[in-house]
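Asker: Here my numbering is used: the first residue of the sequence shown is 1, the next is one more, and so on. Mind having a look at this structure? Questions to follow.
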Amino acid sequence: MGTGELVKAVKHAWMTYTIALINFAVFGYELYLSGSLTVKDPALLRLGLLNFCVTECHEYWRLVSAIFVHLSWIHLAMNTFFLIYLGSQLEVFVGRLRYLVLYLTAGIFGNVLSVALMDPFVLSGGASGALFGVAGALIMIEGVLKRNIQNALANAVFLFLINSWMPHVNAIAHLGGLIVGIAFGYIYGQYVKERMARMLYWDEVY
1 MGTGELVKAV
11 KHAWMTYTIA
21 LINFAVFGYE
31 LYLSGSLTVK
41 DPALLRLGLL
51 NFCVTECHEY
61 WRLVSAIFVH
71 LSWIHLAMNT
81 FFLIYLGSQL
91 EVFVGRLRYL
101 VLYLTAGIFG
111 NVLSVALMDP
121 FVLSGGASGA
131 LFGVAGALIM
141 IEGVLKRNIQ
151 NALANAVFLF
161 LINSWMPHVN
171 AIAHLGGLIV
181 GIAFGYIYGQ
191 YVKERMARML
201 YWDEVY
């Protein structure tokens, strides 16, 4: 996507901005629960993904709430940047509803995988799983359009490797989100290709 197209995408990415506003609202609530300008454990225990609470207390809502929880100002700022940069592109490519379905599905699946494979007392939160879904979808869409799916998969794996082996990173959530993104990206790539063939690429889509 060229600079002009990226600017146009950012201008029209209302769903992306809505998600960003929800993230900020939830973060504000975290600070309120913490009674501080930094996020404390009580807030994370209330809203985050505590695996034990999902499996033993059946608090399945945590699989969703944790997508919008952030651990610090830096965490929120970094995820907001990538959300706007990547999410705006995907939203314009595939439409707001398809984008939202992918975002939530990637985030939830990443959290489900975390609960299934990680220690019961792990506490986590963040939009990274959903963002890996967005990134994976964009990479796969490009692969479909260029008829180079093998290269797209290699790029997706490389993205996962360089971003998932840092301290305090939930690599399992990243992997789950990426898997969903690749699957949706293949389907959405066919959709984008068909729209481009009919010269409908920049039409409003929902």
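Just so it is clear, CB atoms sit at the ideal spot from N, CA and C, and this is done for glycine as well.
1) So, is phenylalanine 93 buried or exposed, given that buried needs 16 or more other C-beta atoms within 10 angstroms?
2) Return the first residue and the last residue of the alpha helix (DSSP H) that lysine 193 is part of.
3) Grouping DSSP H, G and I as helix and E and B as strand, with all else coil, what is serine 114?
4) Spell out the partners DSSP gives arginine 88 in its beta bridges.
5) If you draw a straight line from the C-alpha of tyrosine 60 to the C-alpha of serine 36, how long is it?
6) So, glycine 136 versus alanine 116, is the Cβ gap smaller than 8 Å?
7) Leaving out five residues before and five after proline 42 in sequence, what residues of the same chain have Cβ atoms less than 7 Å from its Cβ?
8) Please report the straight-line C-alpha distance between serine 72 and alanine 25, rounded to a whole angstrom.
9) Let me know the secondary structure DSSP gives serine 72 once reduced to three states.
10) Taking only three categories from DSSP, how would you classify leucine 37?
Answerer: Looking at the coordinates:
1) Per the 10 Å Cβ criterion, buried.
2) Residues 171-197.
3) Helix.
4) First, the residue type needs correcting, since residue 88 is serine and not arginine in the sequence shown. Answer by DSSP bridge pairing: none, since serine 88 is not bridged.
5) Looking at the two C-alpha atoms, the distance is approximately 28 Å.
6) The Cβ-Cβ distance between glycine 136 and alanine 116 does not fall below 8 Å.
7) Listed in chain order, the non-local C-beta contacts of proline 42 below 7 Å within the same chain comprise Leu33, Ser34, local neighbours out to five positions each way being set aside.
8) C-alpha separation (whole angstroms): 14 Å.
9) DSSP places serine 72 in coil when its eight states are reduced to three.
10) Here leucine 37 sits in coil by DSSP.
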